[in-house]
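Comments concern the structure below.
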Amino acid sequence: MTLFDPPTGEGRELLPHGGSAVLFLDAITPDHERTAFSTLRSDLPWHQNQLHMFGRKIPEPRLVTWMGDPGAEYSYSGINLDPVPWIPTVAKLRRICAELAGVDFNSVLANLYRDGNDSVDWHADDEPELGPEPVIASLSLGATRRFDLRHRTTGETIRIDLPPGSVVVMSGRCQSEWVHRVAKTKRPVGPRVNLTFRVIRDAARNSG
Ligand SMILES: O=C(O)CCC(=O)C(=O)O
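Quick note on numbering: the sequence shown equals residues 460 to 667 in this note's numbering.
So this is what it looks like as structure tokens:
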């Protein structure tokens, strides 16, 4: 098996109803995972945004990079992001996630969780530019962190560890019926890089 062979394992559905979130373990080889983690951690132009929430500005408790095709603009929590161009390591990972999800992604939000104090609170990826029922592939590199999904009306909660090299593909009504988060942890935990590949609608039109 070469570094970039497609994953062999079957995915596991995490949601009992209301959309889909399929977990693929070992989506990339351990060698590829280690190389990609150290390249992305050192080479991406990480920055800390200010979230606009409840009339205040709060530093986002993680670092991010927004990467994508020209015109793939994205906004969340009052932050407006213009894409930086693809780098080869991320472009290769995009191909693997595209094969798993059956979708041609044109952008990715890269997240760096420096330690257990970094997190992302309950939210859904339901911004208008993602369209209805978006397909999102979320790849984990580095430290294992817990990922929670909570149903908006029943409150059912699914808790799952995301080990390095795993991918979760969310689709269907996952964003409209469920919210998700990566909570802070007091457990000593190393850095983690997460790549959430997305499709921004009208990216080509914006680039013109
Ligand atoms: O880090 C993760 O696993 C999830 C990231 C996420 O939910 C997001 O960036 O929208």
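Positions of the beta carbon are idealized from the N, C-alpha and C atoms, including for glycine. Since this is a predicted model, take the numbers as computed values, not measurements.
DSSP on Ile538, reduced to helix/strand/coil? Looking at Ile538 - three-state DSSP - the assignment turns out to be strand.
- Are the segment 475-489 and the segment 640-649 in contact at 8 Å, needing three or more beta carbon pairs? With a cut-off of 8 Å, the segment 640-649 and the segment 475-489 do not count as touching, because too few Cβ pairs lie within range.
- Determine the burial state of Ile659: buried for a count of at least 16 other Cβ atoms within 10 Å of its Cβ, exposed for fewer. It counts as buried.
Discussion item. On a Cα-Cα basis, can you pick out the residue from Leu568, Glu558, Arg500 and Leu600 that is closest to Glu469?
Written reply: Closest option to Glu469, judged by alpha-carbon separation, among Leu568, Glu558, Arg500 and Leu600: Glu558.
- Query: Does the Cβ of His476 have 16 or more other Cβ atoms within 10 Å, making it buried, or fewer, making it exposed?
  - Reply: Answer is exposed; the Cβ neighbour count stays below 16.
### Message
Here's the rule I'm using: 16 or more other beta-carbon atoms within 10 Å means buried, otherwise exposed. How should Gly537 be labelled?
### Response
Counting Cβ neighbours within 10 Å, Gly537 comes out exposed, since fewer than 16 surround it.
When you measure from the CB of Asn653 to every non-hydrogen atom of ligand 1, does any distance come out below 7 Å?
Taking 7 Å as the cut-off, the C-beta of Asn653 counts as close to a heavy atom of ligand 1.
Exercise. Using the C-alpha atoms, what's the distance from Pro647 back to Trp505?
Worked result: Annotation: Trp505 to Pro647 spans about 22 Å, alpha carbon to alpha carbon.
For this session: Verify the contact flag: Asn508, CB atom, against every heavy atom of ligand 1, threshold strictly below 7 Å.
Result: Not so, every heavy atom of ligand 1 lies at least 7 Å from the Cβ.
| Expressed to the nearest angstrom, what Euclidean distance is found between the alpha-carbon atoms of Ser578 and Ile517? | Annotation: Ser578 to Ile517 spans about 13 Å, alpha carbon to alpha carbon.
For Pro518, does the three-state DSSP call read helix, strand or coil? Residue state, collapsed to three classes: strand.
Where Gln634 and Ser497 are concerned, what is the direct C-alpha to C-alpha distance, given to the nearest angstrom?
Distance from the CA atom of Gln634 to the CA atom of Ser497, rounded to whole angstroms, is 30 Å.
- prompt: What number of angstroms, rounded off, separates the C-alpha of Glu592 from the C-alpha of His582?
  reply: If I take the Cα positions, the gap works out to 15 Å.
Problem - C-alpha gap between Phe606 and Ser630, whole angstroms - result: The alpha-carbon atoms of Phe606 and Ser630 are separated by roughly 16 Å.
Original post:
From Pro520 to Leu568, what does the alpha carbon distance come to, in whole angstroms?
Top reply: Their Cα atoms are separated by approximately 15 Å.
I'd like the list of long-range same chain contacts for Val626, defined as Cβ closer than 7 Å, with 5 residues on each side in sequence excluded. Excluding the 5 residues flanking it on each side, Val626 has same chain C-beta neighbours closer than 7 Å at Phe483, Ala486, Cys556, Leu559, Ala596, Ser597 and Leu598, in chain order.
Phe656 to Leu552, Cα distance in whole Å? Phe656 and Leu552 have their C-alpha atoms roughly 9 Å apart.
* Asked: Between the Cα of Ala495 and the Cα atoms of Glu472, Ala662, Leu654 and Ser666, which residue gives the shortest distance?
  -> Closest by alpha carbon: Leu654.
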